[in-house]
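Residue numbers (numbering that gives the first Met the number 0), protein chains in the order written: chain A, 0 to 294; chain B, 0 to 294.
C-beta atoms are modelled at their ideal positions from N, C-alpha and C, and glycine is treated no differently.
There are 2 protein chains.
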Amino acid sequence: MNQFLKVALIQQRNSNNLDHNLSKSIQNIQQAASQGAQLIVLQELYRSLYFPQIEDVSFFDLAETIPGPSTEILGHLAQELRVIIVASLFEKRASGLYHNSTVVLDKDGSIAGKYRKMHIPDDPGFYEKFYFTPGDLGFEPIDTSIGRLGVLICWDQWFPEAARLMAMKGAEILIYPTAIGWSYDDSPQEKIRQKDAWMMVQQSHAIANSIPVISCNRVGYEVDHSGQTSGIIFWGNSFIAGPQGEILAHASEDQEAVLMVKLDLQRSENVRRIWPFLRDRRIDYYHDLLKLYRD
Amino acid sequence: MNQFLKVALIQQRNSNNLDHNLSKSIQNIQQAASQGAQLIVLQELYRSLYFPQIEDVSFFDLAETIPGPSTEILGHLAQELRVIIVASLFEKRASGLYHNSTVVLDKDGSIAGKYRKMHIPDDPGFYEKFYFTPGDLGFEPIDTSIGRLGVLICWDQWFPEAARLMAMKGAEILIYPTAIGWSYDDSPQEKIRQKDAWMMVQQSHAIANSIPVISCNRVGYEVDHSGQTSGIIFWGNSFIAGPQGEILAHASEDQEAVLMVKLDLQRSENVRRIWPFLRDRRIDYYHDLLKLYRD
């Protein structure tokens, strides 16, 4: 890996027009690449609306195989532009077996690897347990021509265990495609608490592991056609943080954005020398982490 | 545990006059109790200067047994004021065997329990591995008349594993007595990054576990008499955060302070219902957390 790496993320407002979403993503990838981006991250389920807002069997039609249409299109684009593309999509593994997955396309157009979301949320408006089987690939970073990437997805971001396992296997950057937003019913104070918590917990993974974090969220309001909830206001706020959790770039809460940062990867080594956390983990007393609860 | 709990922390500037430090702590405890505090937290090594700034065998004279002088004095005070006191001190366990420990005095004056710092730092100006044997009591919360306390100490705050293990054993509050500061040589930007990282990583333990955090730091400059470094500017910034990591009270970087907050412990239950992280931990893929590195 070189010392400097130009990374970009694309914060996008999606519609129910899949082709329109895709062409917007392609346009943004081209723009980022033209400005020198070497690694480009798309948001969770980049191709569609956030369909898990309701449980509807017809939405399984949105799923695709890996390899499949997205890896075909984005693979060609990656090869043409000589960039790495990180794309989160709805994976159809078999009839009746689906995952929330992220695929990494290397700059030769090949599939460098994929990650299947390990922690699956389920709460009103986010019915992911209906659609996605929890991943069975574990917490394995993906090797690419520009380094080892710790790709995780959305709900994973609340679990320090996931980030730690990636870092312990040499991940040089943590990457979170995500789709998180507010309910209309949340108070202004609750909205701030949720958004701040979401940023801080990911920044803390940078801090605890001394590596940068890229978090790419969608933006904009998506209606709940079932009428059960008042829909989700995806809160944007995508960001790129350095290895002390410091914010290097930060998108707004309501606009589309292409964020770009030139990361200095040498800083991770330097920070680990002044804050040598890996040196001091008490693995002789961590065994209960393998339980659900210590009762 | 009642729904509401009034907690306080005492951010103090210490001198090399042990009796003066103690009487200031007592005065502050009395003040906090008079304002209704039920739980009062002192900073790390409350009785002395931060002596691990240099390695000097004579400083072992500062150590005391548990029970010993501090538990005697603070136990009586706790009983008199009917409060819980959390006090971090230099524990002499045997000749040649010392710990960085925190003792919890219950409001009947008894020792509710003690915690021995598990993660021990060592970097220039913080030579703790010279003085303190890493704890052998594990990550066990301490039961008191007002609830179960997850007491940890300073360097522990950088390890999500420690907070998680406390929460998984029912800790209702995380408590960090601490002693952290800047070097004179740090740039203004580096100072901000370090202080922000220190706050965020602890706030993230609140977030990931949906419980409040109390972090009590010392304040003020302490000289390095060896001349090896330019001393430490302890950065204060003690704080109390709620179960979404939100700051409820926050001390300055250069003044002594008694911070007090009325915690609503019902909020932890409520937050765990909207963000049920404990439900979804992937313990079937966490086994490598028991390694130092996955190589």
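The beta carbon of Met165 (chain B) sits no closer than 7 Å to any beta carbon of chain A. Counting along the chain, no beta strand (DSSP E) covers Pro123 (chain B), and no H or E run does either. Each of B:Val6, B:Gln11 and B:Phe3 was checked against the Cα of Asp253 (chain B), and the nearest Cα belongs to B:Gln11. Put simply, the CB of Gln52 (chain B) is far from chain A, with every gap to its CB atoms at 7 Å or more.
When Cβ pairs closer than 8 Å are counted between the two stretches, the region 209-224 of chain A is seen to touch the region 48-67 of chain A, the count reaching three or more. At a cut-off of 7 Å between beta carbons, Phe125 (chain A) makes no contact with chain B.
As DSSP reads the structure, Val257 (chain B) sits in a beta bridge with B:Ile9. Taking the CA atoms as reference points, Tyr45 (chain B) sits about 53 Å from Gly35 (chain A). The shortest C-alpha to C-alpha distance from Ile53 (chain B) to any of B:Thr228, B:Pro242 and B:Leu291 is the one to B:Thr228. In this model, Gly67 (chain A) and Ala77 (chain A) are separated by some 15 Å (Cα to Cα). Leu258 (chain A) and Val82 (chain A) have their alpha carbons spaced roughly 15 Å apart. Taking 7 Å as the cut-off, the beta carbon of Gln42 (chain A) is found no closer than this to the beta carbon of Pro211 (chain A). Only residues of its own chain outside the window of five on either side were considered, and among them Ser209, Ile210 and Pro242 have a CB closer than 6 Å to the CB of Ser267 (chain B), listed in chain order.
Using a Cβ-Cβ distance cut-off of 8 Å, the region 168-183 of chain B and the region 149-158 of chain B are in contact, since at least three pairs of beta carbons, one from each stretch, lie closer than that value. Between Asp279 (chain A) and His118 (chain B), the beta carbon gap of about 5 Å places them in contact (Cβ cut-off 8 Å). Neighbours of Trp157 (chain B) across chain A, judged by C-beta separation under 8 Å: Ile206, Ala207, Trp274 and Phe276. By the CB criterion at 7 Å, Gln37 (chain B) and Ile145 (chain B) fall inside the cutoff. Inclusion of Tyr284 (chain B) and Gly137 (chain A) in the CB contact set at 7 Å is warranted, their separation being smaller than that value. Separation of the CB atoms of Lys91 (chain B) and Thr101 (chain B) is rounded to 15 Å, and the pair is thereby denied contact status at 8 Å. In the DSSP assignment, Pro176 (chain A) falls within the beta strand (DSSP E) that extends over Ile172 to Thr177.
For the pair Pro140 (chain B) and Ala207 (chain A), the CB atoms are not nearer than the 7 Å cut-off. Per DSSP, the unbroken beta strand (DSSP E) holding Gly180 (chain B) starts and ends at Gly180 to Ser182.
By the neighbour-count definition (other C-beta atoms within 10 Å, threshold 16), Arg272 (chain A) is an exposed residue. At least one CB of chain B lies nearer than 7 Å to the CB of Met117 (chain A). By DSSP's assignment, Val212 (chain A) forms a beta bridge with A:Leu173 and A:Ala240. From the listed residues A:Glu71, A:Leu262 and A:Gly226, the smallest Cα separation to Phe238 (chain A) is found for A:Leu262.
Within chain B, no C-beta atom comes nearer than 9 Å to that of Gly219 (chain A); the closest sits roughly 22 Å away.
Minimum Cα-Cα distance from Tyr292 (chain A) among the listed residues B:Leu61, B:Leu88, B:Ser69 and B:Met165 corresponds to B:Met165.
Burial check for Ala93 (chain A): the Cβ neighbour count within 10 Å stays below 16, so the residue is exposed.
DSSP places Phe158 (chain B) in the coil class of the three-state scheme, outside both helix and strand. Put simply, the CB of Leu288 (chain A) is near chain B, with a gap under 7 Å to one of its CB atoms. For Ile84 (chain B), the enclosing beta strand (DSSP E) stretches over residues Ile83 to Ala93. For Asn269 (chain B), the enclosing alpha helix (DSSP H) starts and ends at Gln265 to Ile273.
Take Gly180 (chain A), set aside five residues on each side of it, and the residues of its chain with a beta-carbon closer than 6 Å to its own are Ile231, Ile232, Phe233 and Trp234, in chain order. Proximity of chain A to Val212 (chain B) at the Cβ level (cut-off 7 Å) is not reached, the minimal Cβ distance being about 12 Å. The continuous alpha helix (DSSP H) containing Lys23 (chain A) extends over residues Leu17 to Ser33.
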